[in-house]
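K.L.:
Protein chains in written order, with the working numbering: chain S, 1 to 345; chain P, 1 to 345. For glycine and all other residues, C-beta sits at the position ideal for the given N, C-alpha and C. After the structure tokens below, expect a handful of questions from me.
There are 2 protein chains.
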Amino acid sequence: MVVRVSLKDVAAHAGVSIKTVSNVVNNYQHVAPAMRERVQRSIDALGYRPNLAARHLRKGRTGMIALALPELGNPYFAELAAAVIDAAAEHDYIVLLDHTGGRREQEILVSQGFRARVIDGLVLSPIELETDDLRDRAENVPLVLLGEREYDLPYDHIAIDNVAAARAAVRHLIRMGRREVAFIGDRRGRSEPAQLRVRGWREELTSAGLSADDGLVAATDGWGHADGAAAMARILETGRRPDAVFAYNDPVAIGAMRVLHERGLRVPEDIAVVGFDDVVEGRFGAVTLTSVSPDKGAIGRLAVQSVLARLGGEAPEPRRIRADFRLIERESTLGRPAGDGPGDA
Amino acid sequence: MVVRVSLKDVAAHAGVSIKTVSNVVNNYQHVAPAMRERVQRSIDALGYRPNLAARHLRKGRTGMIALALPELGNPYFAELAAAVIDAAAEHDYIVLLDHTGGRREQEILVSQGFRARVIDGLVLSPIELETDDLRDRAENVPLVLLGEREYDLPYDHIAIDNVAAARAAVRHLIRMGRREVAFIGDRRGRSEPAQLRVRGWREELTSAGLSADDGLVAATDGWGHADGAAAMARILETGRRPDAVFAYNDPVAIGAMRVLHERGLRVPEDIAVVGFDDVVEGRFGAVTLTSVSPDKGAIGRLAVQSVLARLGGEAPEPRRIRADFRLIERESTLGRPAGDGPGDA
DNA sequence: CCCGGATTTTACAACGTTATACAGGCGCTT
DNA sequence: AAGCGCCTGTATAACGTTGTAAAATCCGGG
Chain S
1 MVVRVSLKDV
11 AAHAGVSIKT
21 VSNVVNNYQH
31 VAPAMRERVQ
41 RSIDALGYRP
51 NLAARHLRKG
61 RTGMIALALP
71 ELGNPYFAEL
81 AAAVIDAAAE
91 HDYIVLLDHT
101 GGRREQEILV
111 SQGFRARVID
121 GLVLSPIELE
131 TDDLRDRAEN
141 VPLVLLGERE
151 YDLPYDHIAI
161 DNVAAARAAV
171 RHLIRMGRRE
181 VAFIGDRRGR
191 SEPAQLRVRG
201 WREELTSAGL
211 SADDGLVAAT
221 DGWGHADGAA
231 AMARILETGR
241 RPDAVFAYND
251 PVAIGAMRVL
261 HERGLRVPED
271 IAVVGFDDVV
281 EGRFGAVTLT
291 SVSPDKGAIG
301 RLAVQSVLAR
311 LGGEAPEPRR
321 IRADFRLIER
331 ESTLGRPAGD
341 GPGDA
Chain P
1 MVVRVSLKDV
11 AAHAGVSIKT
21 VSNVVNNYQH
31 VAPAMRERVQ
41 RSIDALGYRP
51 NLAARHLRKG
61 RTGMIALALP
71 ELGNPYFAEL
81 AAAVIDAAAE
91 HDYIVLLDHT
101 GGRREQEILV
111 SQGFRARVID
121 GLVLSPIELE
131 TDDLRDRAEN
141 VPLVLLGERE
151 YDLPYDHIAI
161 DNVAAARAAV
171 RHLIRMGRRE
181 VAFIGDRRGR
191 SEPAQLRVRG
201 WREELTSAGL
211 SADDGLVAAT
221 DGWGHADGAA
231 AMARILETGR
241 RPDAVFAYND
251 PVAIGAMRVL
261 HERGLRVPED
271 IAVVGFDDVV
281 EGRFGAVTLT
291 SVSPDKGAIG
301 RLAVQSVLAR
311 LGGEAPEPRR
321 IRADFRLIER
331 ESTLGRPAGD
341 GPGDA
């Protein structure tokens with residue numbers, strides 16, 4: 001058992017006051033070089049390490065922010081977490097990771113501060129959380145939301161333009177000659193991001209004069225491989241035979257591709273597939289996956305910036321911040337280019 | 001901005017002493033029912049929430065343990081994290097997740113308590129960390145290691161039997177008629193788990209009278225898809241043509257399969273593949289992946305139990321704890337059963 | 001009606017830190 | 001040489017909580 005060394009012990013050892021030691025520890029500027037060195041020697045000799053609980057109590061700051069994600073197992077969120085952690089480190093902040101499972105109840109708990117409670121700020125990536133759940137948030141730690149939101153509440157939210165991204169994905173499919181594009185991964189209104197992607201899908205199809213009827217939309221319970229597989233199977237069993245699939249995210253897309261493979265349907269020859277999030281897994285399947293790639297680094301940086309800006313009780317105007325995205329084209333959408341015009345694939 | 005309510009405010013509101021409120025909050029037994037109710041009413045009225053920093057300072061306990069993993073993006077670790085979080089919640093403990101990237105320097109930092117510093121205990125899953133790095137650990141928070149270790153230090157370590165698991169995987173390949181089994185994912189002595197798996201691989205091959213020469217072992221820098229792909233490519237370029245591959249983990253195995261696919265080699269017909277960790281991704285590729293499946297739930301439970309048992313300055317005898325594993329057989333090792341006998345593929 | 005013992009409540013100190021305000025000491029200006 | 005201001009270092013008081021020990025209250029029995 002290592003004995004705990006406090007400022008008092010160091011002060012006694014160096015023969016100075018506690019505050020002087022504190023000044024050295026905190027790099028206070030008005031400390032004579034000789035004194036600084038003497039105290040530092042004592043600090044090293046005793047192996048002093050500041051007690052963060054006391055510091056926290058005194059300053060009211062913990063030096064930690066929480067990042068609450070729906071699913072750690074989804075590599076997209078893992079990469080996003082890494083981005084946030086790095087961005088926070090730049091400001092000497094530690095990130096406390098939490099996961100909500102995308103369940104509304106858990107998201108409410110987190111937003112009210114009942115999960116991670118020793119934090120200065122919170123970055124939350126909600127799935128099912130609704131506007132009213134945040135309306136009367138009785139909690140004073142700053143909150144920043146990841147993911148596009150429709151509502152009007154005094155919180156920043158940072159996201160790519162989901163509608164535009166979905167339209168870009170569908171546009172690519174159309175350009176590749178596809179006429180019947182299914183959407184997999186709707187949540188029947190229970191998820192804002194899903195609604196936005198469905199909307200983008202519908203808008204792009206409609207404006208191209210193609211059909212976007214409900215028979216082409218498959219809802220899922222979750223957004224994992226298995227959900228995508230089940231939904232794809234359901235679509236095929238209705239007898240419907242789309243020539244392209246736009247999936248809510250990459251795991252769903254990969255699950256769907258597995259089912260297509262099992263049924264003897266070839267990707268992309270018979271059915272093209274586009275995912276979302278550009279997860280590493282999508283680059284190593286037997287058929288590599290075309291996907292919408294959000295700029296995770298930017299999202300992480302903006303989130304941290306945004307939450308730290310609200311620390312001192314400051315309340316900058318809430319903003320809707322748009323991060324970039326790109327469509328990464330891979331094997332799953334190859335071929336049959338140039339629908340009604342010339343193509344370049 | 002929500003005002004911060006302290007015990008003092010509640011005490012004033014209820015017209016009692018601070019300590020009485022504290023007693024109510026902590027469910028101290030000698031509080032008259034009428035008093036308890038009166039105080040509770042004030043607590044509710046003011047929306048009091050205990051200040052954890054002060055509690056921490058006073059009690060010396062934070063109610064948090066850290067779980068440091070090499071890679072959040074690897075779904076194996078994500079699932080493991082979920083298991084630990086659940087197990088900790090049973091004891092009213094919060095888990096602070098950290099990631100080391102599997103880099104020795106980061107692992108040392110974590111083990112010395114320089115990363116997450118407001119914790120009661122630490123569960124660390126090391127990759128490159130060496131015995132000497134822990135020898136003189138000047139840190140008094142209890143540490144538990146995940147992953148089998150050879151050394152003799154006063155810490156519990158919890159793991160499946162890596163050698164036995166590797167032997168089981170290779171044995172399965174041999175039983176399926178394979179004679180030349182490569183290993184992908186060695187780290188040239190820089191990782192204990194890798195060494196153990198290589199040893200199991202070698203032992204099983206040798207005891208079956210098969211060759212286990214160094215030409216069959218491919219080292220990698222990391223353990224992601226790309227590493228597996230690169231290593232597989234390297235093996236093929238030497239002209240060597242194994243009929244099976246045992247990979248350090250599933251992502252490596254999947255990366256390798258992608259390269260085999262690109263070169264026109266069929267899995268499992270030409271080359272069988274076994275992975276490690278039984279990650280969900282392995283169940284949804286074009287060829288599903290046979291894998292060693294550790295009992296993550298048990299590992300999580302044991303880790304939490306183990307770290308909490310060391311809290312009160314108690315130091316139970318350090319133990320090497322073995323968790324279970326199973327080999328899950330899937331498509332990537334089908335066919336050609338029964339070694340030198342007839343097959344059924 | 002008073003006393004002893006058990007129950008209930010309270011005052012106070014302490015956990016380790018930093019902010020504030022202040023006391024010396026030095027050098028520079030006038 | 002006196003005065004002013006800057007640089008250094010210090011004593012003290014918080015931050016919000018809980019453990020300790022003592023004080024107040026209650027109860028039944030003599």
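#1: So, is the C-beta of P/Glu79 closer than 8 angstroms to a C-beta in chain S?
#2: Within a Cβ cutoff of 7 angstroms, which residues of the same chain sit near S/Lys8, ignoring the five residues on either side of it in sequence?
#3: Within a Cβ cutoff of 6 angstroms, which residues of the same chain sit near P/Val118, ignoring the five residues on either side of it in sequence?
#4: Starting from S/Arg234, find everything on chain P with Cβ-Cβ shorter than 7 angstroms and list it in chain order.
#5: Between P/Asp295, P/Leu173, P/Ala298, P/Gly264, which lies nearest to P/Ala244 when the distance is taken from Cα to Cα?
#6: Considering P/Met64, what are the terminal residues of the beta strand (DSSP E) in which it resides?
#7: Taking Cβ to Cβ, would you say P/Ala310 is nearer than 8 angstroms to P/Pro142?
#8: DSSP three-state call for P/Arg36: helix, strand or coil?
#9: When you compare each of S/Ala303, S/Pro75, S/Ile321 to P/Pro251 by their alpha carbons, which one comes out closest?
#10: Where do the N-terminal and C-terminal ends of the alpha helix (DSSP H) with S/Gly228 fall, by residue?
#11: Can you check DSSP and say which residues form a bridge with P/Phe183?
#12: Under 9 angstroms between beta-carbons, which chain P residues line up against S/Val144? List them in chain order, please.
#13: Should the stretch 268 to 283 of chain S be regarded as contacting the stretch 161 to 179 of chain S, the criterion being three or more beta carbon pairs within less than 8 angstroms?
#14: Do P/Thr288 and P/Arg330 count as a contact pair if the criterion is CB distance below 8 angstroms?
#15: In chain order, what residues of the same chain lie with their CB nearer than 6 angstroms to the CB of P/Leu72, ignoring the 5 residues before and after it?
#16: Nearest by alpha-carbon distance to S/Arg283: which of P/Val181, P/Asp324, P/His225 is it?
#17: So that I know if they touch, is there some Cβ in chain S lying closer than 8 angstroms to that of P/Arg326?
#18: Looking at the secondary structure, which residues open and close the alpha helix (DSSP H) in which P/Leu134 lies?
#19: Do we get a CB-CB distance below 8 angstroms when we pair S/Ile254 with the residues of chain P?
#20: How would you list, in chain order, the residues of chain S whose beta-carbon sits under 7 angstroms from the beta-carbon of P/Leu57?
#21: Which residue from P/His91, P/Val84, P/Arg103, P/Ile108 puts its Cα closest to that of P/Leu97?
#22: Please go through the same chain and pick out, in chain order, the residues whose beta-carbon is closer than 8 angstroms to the beta-carbon of P/Gly101, but skip the five residues on each side of it.
#23: For a contact defined as C-beta to C-beta under 8 angstroms, what are the partners of P/Ala229 on chain S?
#24: Work out the CA separation of S/Gln195 and S/Arg202 for me, nearest whole Å.
#25: Given S/Thr206, which residues of its chain have a CB within under 8 angstroms of its CB, disregarding the five upstream and five downstream residues?
#26: Which chain P residues sit within Cβ distance under 9 angstroms of S/Gly47?
#27: Residues of chain P with CB closer than 7 angstroms to the CB of S/Leu96, please, in chain order.
#28: In three-state terms, what does DSSP make of S/Val10?
#29: Any C-beta of chain P sitting closer than 8 angstroms to the C-beta of S/Leu72?
#30: Report the neighbours of P/Arg258 on chain S: residues whose CB is nearer than 9 angstroms to its CB, in chain order.
#31: In the DSSP assignment, what residue or residues form a beta bridge with S/Thr290?
#32: Give the DSSP bridge partners of P/Asp30, in chain order.
#33: Could you please tell me which residues of the stretch 118 to 139 of chain P, in chain order, have their CB closer than 7 angstroms to any CB of chain S?
#34: Considering just the uninterrupted stretch of the alpha helix (DSSP H) at S/Arg199, what are its terminal residues?
#35: Kindly indicate which three-state DSSP category S/Asp344 falls into: helix, strand or coil?
#36: What do you get for S/Thr131, buried or exposed, if any count of 16 or more other CB atoms within 10 angstroms of its CB means buried?
P.N.:
If we stick to the structure as given:
#1: yes
#2: Ile18
#3: Thr62
#4: Those do not exist, as S/Arg234 stays about 16 angstroms from chain P at its closest Cβ, beyond 7 angstroms.
#5: P/Leu173
#6: 64 to 69
#7: Strictly speaking, residue 310 of chain P in this sequence is Arg, with Ala absent from that position. For P/Arg310 and P/Pro142, yes; Cβs fall inside 8 angstroms.
#8: helix
#9: S/Pro75
#10: 225 to 237
#11: P/Val217, P/Phe246
#12: None at all; the shortest Cβ gap to chain P is about 16 angstroms.
#13: yes
#14: yes
#15: His99
#16: P/His225
#17: no
#18: 131 to 135
#19: yes
#20: Ala53, Ala54, Leu57
#21: P/Val84
#22: Pro70, Glu71
#23: Phe284
#24: 10 angstroms
#25: Ala212
#26: Ala138
#27: Leu96
#28: helix
#29: yes
#30: Arg283, Phe284, Gly285, Ala286, Thr288
#31: S/Val274
#32: Checking the displayed sequence, the identity of residue 30 of chain P turns out to be His instead of Asp. DSSP, once it has assigned bridges, lists no residue as partnering P/His30.
#33: Val118, Ala138, Glu139
#34: 192 to 207
#35: Residue confidence for S/Asp344 is low, a pLDDT of 39 falling below 50, so the modelled location carries little weight and cannot support an answer.
#36: exposed
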